[in-house]
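All remarks here apply to the structure that follows.
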Amino acid sequence: MTTSDRHNSLDAEQLEVLNEALLALQSALLGRPIYGSEHPTICVQRDEAVRGLRTLLDALRRPIRVLLVDRRVVVGSQRLPSSEQLAGGVFARLNAGGVDGLVVTPGLRPDELDSLLAALPDDPSHPFELPNTPHLRPACIDDHESDAPPSPGLRSADDTRDAAEAFGPVWSAVADRGEPDHEQLGRLVEQIGAAVAVGADAMLPMADLKRHDEYTFVHTVNVGILAAGLAEAVGLSPPVVQDLTLAALLHDVGKKQTPLELLNKAGKLEEHELRIMRRHPADGARILFDAPGVPEIATVVAFEHHIKLDSSGYPSVRPGYRAHLGSQIVQLADVFDALRTHRPYRAALPMEKVKQIMFEDAGRHYDRDLLAVFFGRVVTRSSREQDDETPPVADAA
């Protein structure tokens, strides 16, 4: 072990703190083009990264130098536990710009991580310049380690676009004109796929339970991420996962035909209101059936995503009807995220309560094995709970 290696050596606990901080940073990076840079989910992950790095820096009282070396993410001679995920995510983005890693020094501020995230482009092939701030600067393998002050800061790239504003018109184009914007939808599917592939499921808004959101957009993207993760977990092929992710993003497009006062009603829907609400699967299937370039599975999922394992739910189907596996996957993602998100008629539910509710319906509403994979392999990196009292459960429309 060289002198430099000994200088950078961390104990097991410190290595884990650094690993988790970098995973949070990666989640913030990969989540920005999906959710938008100001979304609470991204801020939560950014703050987790800052908190972890500060904790480590305060303990070490020296800079940390993390590098990508031979497709391994290391500090000194130590490989990080999530080296493979990090090497394919945030460090791949850094390396595409000619940077091998980062040097982080005591005093790190949240705005310095914001500058780093803003500088890295959505498209890794685009040129960019990294900011060189007082406590965070780019590093190269052949650099000499130094605690010297950084050189004057470089101008960062423009901030990531606001994905919510971009996605709204895409959804409307499908619902109102039957003309999907394949470029925008394809880009979002690719971003979700990249995030899932490198284990960025921590971007899911599981910790930020006390905030209200632009529900339609955020819920739709969450369902896309969860469905993609579950589809991969059960072994579906990459092309099928891609089509199913697109189907998940469009599963609720029929709600464009549902009056807003029903979608946002604070309270239980009346029977006639329920009948109107429950038209949206059939409305969505009709919209997608004739939409050019939309895979067949999207039409099927739109129609079936409220049909339960025992043939209950809606639209009404014959006894013994079995929904497509893709529809079952999207349904689990849809129900889970709806229960974990604030709605006009109830507050978000804690993770354990959601798990209890869904497993109580295993074998009746949901396939038990699929549910086990979902909670065992997809919903595994939820942030620390922030629950006060468990609110009462309301009937989902």
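My numbering applies: residue -16 is where the sequence shown begins, and numbers increase by one.
Every residue, glycine too, gets a C-beta built ideally from N, C-alpha and C.
query: Quick one: is E244 buried, meaning 16 or more other Cβ sit within 10 Å of its Cβ, or exposed?; result: exposed
query: Near K291, what residues of its chain come up, given a Cβ to Cβ distance below 6 Å and the 5 sequence neighbours on each side ignored?; result: H348
query: For L1, I'd like the list of residues in its chain whose CB is within less than 6 Å of its CB, leaving aside the five on either flank, ordered along the chain.; result: L39
query: Taking its Cβ as the centre, do 16 or more other Cβ atoms sit within 10 Å of N205, making it buried, or is it exposed?; result: buried
query: Three-state secondary structure (DSSP) at P121?; result: strand
query: Assign S60 to one of two classes, buried (16 or more other C-beta atoms within 10 Å of its C-beta) or exposed (fewer than that).; result: exposed
query: Can you tell me whether A32 is buried or exposed, with buried defined as 16 or more other CB within 10 angstroms of its CB?; result: buried
query: Buried or exposed: D94, going by 16 or more other Cβ atoms within 10 Å of its Cβ?; result: exposed
query: Thinking C-alpha only, which one of E173, L13, A306 is nearest I280?; result: A306
query: For Y18, which three-state DSSP category applies?; result: helix
query: Could I get the ranges of all uninterrupted alpha helix (DSSP H) runs contained in the segment 217 to 278, with 4 residues as the minimum, in chain order?; result: 221 to 232, 243 to 246, 254 to 260, 263 to 272
query: How many Å lie between D235 and S299 at the Cα?; result: 18 Å
query: Mind checking whether L113 and L91 have CB atoms under 9 Å apart?; result: no
query: Taking 9 Å as the cut-off, decide whether the C-beta atoms of Q225 and P16 are in contact.; result: no
query: Have a look at A214 and M260 and give me their C-alpha separation to the nearest angstrom.; result: 28 Å
query: Flag this pair as touching only if the segment 265 to 280 and the segment 318 to 328 have three or more C-beta atom pairs under 8 Å; answer yes or no.; result: no
query: With a Cβ-Cβ cutoff of 9 Å, do L209 and F358 count as a contact?; result: no
query: Are the beta-carbon atoms belonging to L171 and V73 less than 9 Å from one another?; result: no
query: So what's L85 in DSSP terms, helix, strand or just coil?; result: strand
query: Does G207 come out as helix, strand or coil in the three-state DSSP assignment?; result: helix
query: So what's A330 in DSSP terms, helix, strand or just coil?; result: coil
query: Which runs of the beta strand (DSSP E) fall wholly inside the segment 38 to 91 and span at least 3 residues, in chain order?; result: 47 to 52, 55 to 58, 84 to 87
query: Output needed for E3: all residues of its chain with C-beta closer than 7 Å, excluding positions within five of it in sequence on either side, in chain order.; result: G35
query: For T324, name the three-state secondary structure that DSSP assigns.; result: coil
query: Which one of F111, A330, R351 has the shortest CA to CA distance from L308?; result: R351
query: Answer with buried or exposed for E21, where buried requires no fewer than 16 other C-beta atoms within 10 angstroms of its C-beta.; result: exposed
query: Can you tell me which of Q314, P275, T282 puts its alpha carbon nearest to the alpha carbon of H289?; result: Q314
query: Given D196, which residues of its chain have a CB within under 6 Å of its CB, disregarding the five upstream and five downstream residues?; result: The predicted position of D196 is uncertain, since its pLDDT is 39 and thus under 50; a value taken from the coordinates is nonetheless stated next. So no residue of the chain qualifies.
query: Checking 9 Å against the spacing of the C-beta atoms, do P46 and L(-2) come in under that value?; result: no
query: For the candidate residues E254, P221, G81, D317, whose alpha-carbon lies nearest to that of V201?; result: D317
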